[in-house]
Amino acid sequence: MRLVLLGPPGAGKGTQAKQLAEKLDLPHVSTGDLLRENVSQDTNLGREAKNFMNRGLLVPDDIVARMLRQRFNHPDVRRGFILDGYPRNLKQAEGLDAILREQDSLLELVVYLDSSDPVIIQRITGRLVCSNCGLSFHRTNMPPKSEGLCDKCGSRLYQRTDDTEETARKRLEVYKKEACALIEYYQEKGILKCLTADAEAAPVLNNILELVKEYDDSHKK
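Position one of the sequence shown corresponds to residue 25 (my numbering), numbered consecutively onward.
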């Protein structure tokens, strides 16, 4: 199963992708994780990306695409993957298809997690991230067992500087401008499914798993 989770910032893509990957025994591919890994390992691509990140700029598409190409060359993704955080616009979607075509592969399912603005703002402004392993928590929705510390590795939790209401609203505006073309692109391919993601994580995960089962069942016939 080669599956992409789409949706606005704060829709829960990262949370769902991690749990989905565990349930389906597939690798979770996150562009955010790839960027952090390349920067921390001081790879050539990491140094290129850091140049932009240090100036508060978005990392160019071609650098992210090269990171993805490298990741998709690993043997563990041959039988499938769960991708989140990418693509965010039509150009990236076309680039992703090109990368997969190089491997005689294609996306099988794209799930769009739709969430209302108030829920998104609440999720983003309460988000906490582990300074070491990157695991996400939430002050009220999913608090850590020990205040300020990661359940997994015990490292300090912090709030990202851009996880403020003002920044979240700006990110939503930018996302909405580019989302329509992206949604239409996958609709035309016939692989897009939309889910409401305002609920807690568990029922949303069950709904995604049901879509995966429906896909598998329909392709067994």
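Note that CB positions come from ideal geometry on N, CA and C, so glycine has one too.
None of these values were measured; they are calculated from a predicted model.
Below 7 Å CB to CB, which residues in the same chain sit around residue i once its five sequence neighbours on both sides are set aside?
{"i": "G172", "result": "R180, L181"}
{"i": "E72", "result": "I87"}
{"i": "R129", "result": "The question names Arg, but residue 129 is Ser in the sequence shown. So the list reads R26, once near-sequence residues are dropped."}
{"i": "V153", "result": "S160, L181, Y182, R184"}
So, with DSSP's three-state summary, where would you put residue i?
{"i": "L173", "result": "strand"}
{"i": "Y210", "result": "helix"}
{"i": "R93", "result": "helix"}
{"i": "K217", "result": "strand"}
{"i": "R79", "result": "coil"}
{"i": "R184", "result": "coil"}
{"i": "E66", "result": "Reading the sequence as shown, one finds Asp at residue 66 and not Glu. It is coil, neither helix nor strand."}
{"i": "R147", "result": "helix"}
{"i": "R163", "result": "coil"}
{"i": "L131", "result": "coil"}
{"i": "D49", "result": "coil"}
{"i": "Y136", "result": "strand"}
Near residue i, which residues of its chain fall below 6 Å by C-beta distance, leaving aside the five closest residues on each side in sequence?
{"i": "N156", "result": "C177, S179"}
{"i": "Q146", "result": "none"}
{"i": "L107", "result": "V28, V53"}
With the cut-off set at 7 Å, would you say residue i and residue j are in Cβ contact?
{"i": "L131", "j": "V28", "result": "yes"}
{"i": "D187", "j": "I148", "result": "yes"}
{"i": "L133", "j": "Y239", "result": "yes"}
{"i": "G70", "j": "G109", "result": "no"}
{"i": "P32", "j": "Y210", "result": "no"}
List the whole-angstrom C-beta distance separating residue i from residue j, where the pair is believed to meet the contact cut-off of C-beta under 8 Å.
{"i": "G34", "j": "A226", "result": "That belief does not hold up - the Cβ atoms of G34 and A226 are roughly 18 Å apart, past 8 Å."}
{"i": "L44", "j": "G104", "result": "About 11 Å; that fails the 8 Å criterion."}
{"i": "T39", "j": "S160", "result": "6 Å"}
Within its chain, find whatever has a CB closer than 8 Å to the CB of residue i; leave out the 5 residues flanking it on each side and keep chain order.
{"i": "L219", "result": "V135, Y136, L137, D138, V228, N231, I232, L235"}
Given 6 Å as the limit, tell me if residue i has its C-beta closer than that to any heavy atom belonging to the ligand GTP.
{"i": "L124", "result": "Looking for the ligand GTP in the displayed structure turns up nothing, as the structure carries no ligands at all."}
Is there contact here, the segment 109 to 126 with the segment 88 to 100, by at least three beta-carbon pairs under 8 Å?
yes
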